[in-house]
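As given, the protein sequences belong to chains A and B, one line each in that order. Note that this note's numbering numbers the first sequence so that position 287 is 287, with each residue one more than the last. Note that this note's numbering numbers the second sequence so that position 122 is 458, with each residue one more than the last.
There are 2 protein chains.
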Amino acid sequence: MTVTLAVDMMGGDKGLAVTAPGIRRALQNYSNLHCLLVGRQTDIVSLLGDLSGNPNVEIVQAAEVVDMHESPATALRSKKNSSMRVAINLVAEGRADACVSAGNTGALMATARFVLRMLPGVDRPAIISALPRADSHVHMLDLGANVDSSPEILLQFGLMAVSMVRSLEHVQQPTIGLLNVGSEDIKGSEIIKRAADLFKASEINYVGYVEGDDIFQGEVDIIVCDGFAGNVALKTSEGLAQMLVKVMREEYTRNLWTRLAAFLSIPVLRSFRARVDHRRYNGAVLLGLNGTVVKSHGGADSFAFSHAIEVAREAVENKLLQRLRADFSGSETGKV
Amino acid sequence: MTVTLAVDMMGGDKGLAVTAPGIRRALQNYSNLHCLLVGRQTDIVSLLGDLSGNPNVEIVQAAEVVDMHESPATALRSKKNSSMRVAINLVAEGRADACVSAGNTGALMATARFVLRMLPGVDRPAIISALPRADSHVHMLDLGANVDSSPEILLQFGLMAVSMVRSLEHVQQPTIGLLNVGSEDIKGSEIIKRAADLFKASEINYVGYVEGDDIFQGEVDIIVCDGFAGNVALKTSEGLAQMLVKVMREEYTRNLWTRLAAFLSIPVLRSFRARVDHRRYNGAVLLGLNGTVVKSHGGADSFAFSHAIEVAREAVENKLLQRLRADFSGSETGKV
């Protein structure tokens with residue numbers, strides 16, 4: 001089965017300097033991958049190098065670029081020929097199975113929602129991503145598609161995540177927890193408490209409240225929260241990880257002796273990094289849309305960007321969208 | 337000036353096994369520290385060792401212990417002779433300048449609020465703590481005293497934090513940011529947007545929205561958020577740090593070669609740890625009460641617990657409470 005992905009080549013902090021080598025890496029890994037490279041044709045051609053004659057690569061012209069700080073409304077109204085918009089159009093037209101963009105999240109969500117619409121039975125989209133643990137990972141949503149969510153919407157997020165984990169990881173009854181500020185029943189806001197009641201009454205494998213430390217250390221397969229808390233948790237962990245790396249680097253480069261220790265530690269640090277490398281978890285799915293859209297981190301490097309492409313490829317191969325469509329088509333309230 | 341602290345010896349996951357050596361460490365560091373050790377007299381005596389004849393130590397009997405998972409209401413109603421309650425009573429009676437407890441946060445907050453009452457002009461208490469950065473630190477609140485907060489309350493938190501940083505660090509115009517899910521003005525919930533308007537109109541040094549990664553990597557001196565987001569951010573970072581330490585340890589102990597690298601890295605890892613050790617940041621202040629109460633992490637070890645004592649000592653020496661009282665006495669709305 002060939003998987004055709006529309007890739008927004010101009011998005012992200014570094015645009016083509018990251019997306020072009022990212023594409024090259026992804027194409028090396030998968031022979032059944034076909035990529036529609038969306039953006040300024042001349043710029044793309046000049047960076048493609050040995051890919052220019054590759055039959056698995058096709059360039060689709062798009063003259064405009066959505067700025068990383070452009071408002072969603074402006075991007076939607078006045079950038080109808082942006083690489084982001086054209087890539088999403090290709091999904092809507094059925095020419096691509098999914099699209100990938102490192103462009104600005106708000107604009108991507110607004111444009112994707114406008115062009116693709118919601119899945120029937122789903123009221124609000126959510127951003128979901130896998131996050132690393134010592135020996136596994138967790139799927140967490142919403143990472144920032146919404147700033148607040150009703151109990152009913154939180155349940156819908158949970159149901160969508162269950163469909164996704166079933167589809168991608170073939171786990172039939174993934175465990176699911178609600179992010180709260182304490183694990184006791186009495187803790188939390190009224191919205192969380194009412195959401196907990198809905199989760200308990202549903203047929204999913206709800207295990208109860210989880211706390212922030214359960215993201216990276218817990219057992220639960222899926223964590224549901226509103227987009228504000230999810231975004232704060234995600235960015236806090238990014239900042240902490242970067243700060244720790246910075247301090248560690250400073251300490252290892254302090255003098256000759258510490259540099260020797262660093263040299264001897266290379267295999268250790270390399271396998272440490274391989275296990276917790278956030279780049280291997282790059283690629284968040286905009287869940288709940290009538291089409292598959294994967295958001296790469298704006299600051300991703302080419303290795304990380306190739307992983308976002310991998311997330312899109314996996315979603316298509318495992319028929320994520322068809323699964324969601326089937327699970328949510330039954331009812332207007334989205335109950336599976 | 338002698339600083340007298342009431343210490344809840346029974347609180348925390350390990351009670352006296354941590355608090356007794358923590359007290360010993362704190363007393364070694366400060367000759368002007370006087371501690372009222374609150375808890376079961378016979379248990380305390382048996383663990384005091386060489387401190388038993390120390391004139392800076394006094395035991396205050398309290399027969400009961402608040403369980404780490406007891407509800408605030410139960411602790412308040414039925415544990416009137418708990419070590420936590422008696423320690424807070426000592427502050428209310430003026431026998432201690434401040435109290436320190438590693439007991440359960442909800443019970444501590446409820447009991448302290450009931451016994452000490454709010455500072456005149458302050459509507460809601462907040463939990464504030466310093467968090468480490470590579471070369472500095474940030475003060476963040478609310479870390480979980482409330483699950484949600486109005487814009488007016490968020491402003492009050494900001495004003496209290498400014499008073500605290502002025503008092504403790506002698507910085508006259510600390511910079512202050514509001515935690516949000518994006519740095520643009522259009523981002524965030526209505527509450528955050530309205531809070532931003534209040535911050536802009538106030539006289540404090542408000543610099544705008546900050547995001548989760550600004551906690552450990554940013555520049556701002558104070559970050560204000562509601563207790564839900566703050567608690568999630570704090571616990572997420574705790575979990576991530578613990579996970580990274582676990583993976584690092586596993587990698588360094590994998591075989592003889594990696595153990596050698598670990599041995600040679602000891603000075604590096606030690607100074608790395610010294611710079612980012614969360615134990616040095618243990619001790620959160622329950623801000624806004626008419627008395628100084630410091631909360632130690634329930635899982636703190638004796639080193640961390642001694643730091644919570646240090647936080648209380650510093651608050652007293654720098655006249656934090658008098659400063660807050662002066663700054664908030666002017667008006668019912670808490671405007672300074």
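Positions of the beta carbon are idealized from the N, C-alpha and C atoms, including for glycine.
Can you confirm whether residue i, when its beta carbon is compared against all beta carbons of chain B, has any partner nearer than 8 Å?
i, result
"M248 (chain A)", "yes"
"N231 (chain A)", "yes"
"L366 (chain A)", "No statement about residue 366 (chain A) is possible, as the shown extent of chain A runs from 1 to 336 and does not include it."
"R339 (chain A)", "As displayed, chain A neither begins before 1 nor continues past 336, which places residue 339 (chain A) out of reach and without an answer."
"K335 (chain A)", "With a pLDDT of 45 at K335 (chain A), under the threshold of 50, the predicted position of this residue should be treated as unreliable, and no value is reported."
"G144 (chain A)", "yes"
"G11 (chain A)", "no"
"A241 (chain A)", "yes"
"E211 (chain A)", "yes"
"S271 (chain A)", "yes"
"T19 (chain A)", "no"
"C173 (chain A)", "Position check: residue 173 (chain A) holds Gln in this sequence, whereas Cys was assumed. No - not a single Cβ of chain B is within 8 Å of the one on Q173 (chain A)."
"F114 (chain A)", "no"
"V165 (chain A)", "no"
"R95 (chain A)", "no"
In chain order, what residues of the same chain have a beta carbon less than 7 Å from the beta carbon of residue i, not counting five sequence neighbours either side?
i, result
"L155 (chain A)", "A195, L198, F199 and S202"
"D311 (chain B)", "The structure shown has nothing for residue 311 (chain B), since chain B only spans 337 to 672."
"H643 (chain B)", "R615, R616, N618 and G619"
"A577 (chain B)", "H614"
On a CA-only basis, which of the options is nearest residue i? Give me that one, please.
i, options, result
"A640 (chain B)", "B:N591, B:V343 and B:Y617", "B:Y617"
"R421 (chain B)", "B:D344, B:D557 and B:A353", "B:D344"
"G15 (chain A)", "A:V66, A:S78 and A:E314", "A:V66"
"S601 (chain B)", "A:M248, A:R275 and A:A308", "A:M248"
"I127 (chain A)", "A:R323, A:M160 and A:P151", "A:M160"
"E400 (chain B)", "B:L656, B:Q377 and B:A620", "B:Q377"
"R313 (chain A)", "A:A233, A:L256, A:C99 and A:N81", "A:C99"
"V482 (chain B)", "B:V604, B:P461, B:R469 and B:R360", "The sequence shown places Asn at residue 482 (chain B), rather than the Val named in the question. Of the candidates B:V604, B:P461, B:R469 and B:R360, the one whose C-alpha sits nearest the C-alpha of N482 (chain B) is B:P461."
"S418 (chain B)", "B:R361, B:A636, B:M346 and B:G385", "B:M346"
"R77 (chain A)", "A:S302, A:L179, A:A110 and A:P55", "A:A110"
"W257 (chain A)", "B:W593, B:F599, B:A411 and B:A610", "B:F599"
"E394 (chain B)", "B:R611, B:P468, B:A356 and B:E406", "B:A356"
"V276 (chain A)", "A:G239, A:P132, A:A229 and A:L269", "A:P132"
"S129 (chain A)", "A:F157, A:G121 and A:E152", "A:F157"
"E70 (chain A)", "B:T572, B:A569 and B:K523", "B:K523"
Within a Cβ cutoff of 8 Å, which residues of the same chain sit near residue i, ignoring the five residues on either side of it in sequence?
i, result
"V165 (chain A)", "H139, V171, P174, D221 and I222"
"G513 (chain B)", "Y542, V543, G544, Y545, V546, D550, G554, V556, I558, I559 and V560"
"A96 (chain A)", "T4, L5, A6, L36, A87 and L90"
"R259 (chain A)", "Y252 and T253"
Can you list, in chain order, the residues of its chain whose CB lies under 6 Å from that of residue i, leaving out five sequence neighbours each side?
i, result
"G442 (chain B)", "P408"
"A112 (chain A)", "I88, L286, L289 and V293"
"K335 (chain A)", "With a pLDDT of 45 at K335 (chain A), under the threshold of 50, the modelled position of that residue is not reliable, and the figure given next carries that caveat. Taken in chain order, the list of residues that qualify is empty."
"D148 (chain A)", "D226"
"H370 (chain B)", "T338, T340 and N392"
"L116 (chain A)", "A92, L289, N290 and G291"
"V652 (chain B)", "V339, D433 and A434"
"N567 (chain B)", "L479 and G480"
"G103 (chain A)", "D8, G11, V66 and M84"
Quickly, what does DSSP pair residue i with across the bridge? List them, please.
i, result
"G177 (chain A)", "A:G208 and A:I223"
"A466 (chain B)", "B:H475"
"T340 (chain B)", "B:H370"
"A620 (chain B)", "B:K631"
"M10 (chain A)", "DSSP lists no partner for M10 (chain A)."
"M118 (chain A)", "A:L289"
Contact criterion: CB-CB distance below 8 Å. Does residue i meet it with respect to chain A?
i, result
"L515 (chain B)", "yes"
"Y588 (chain B)", "yes"
"V604 (chain B)", "yes"
"V483 (chain B)", "yes"
"D459 (chain B)", "no"
"T447 (chain B)", "no"
"A532 (chain B)", "no"
"A597 (chain B)", "yes"
"R649 (chain B)", "no"
"G563 (chain B)", "yes"
"D637 (chain B)", "no"
"S465 (chain B)", "no"
Within the segment 13-101 of chain A, ranges of the beta strand (DSSP E) (whole runs, at least 3 residues): As far as the segment 13-101 of chain A is concerned, its whole beta strand (DSSP E) runs of at least 3 residues are 33-39, 57-61 and 98-101.
Runs of alpha helix (DSSP H) lying entirely within the segment 231-277 of chain A, each at least 4 residues, in chain order: Within the segment 231-277 of chain A, the complete alpha helix (DSSP H) runs of at least 4 residues are 256-264 and 266-276.
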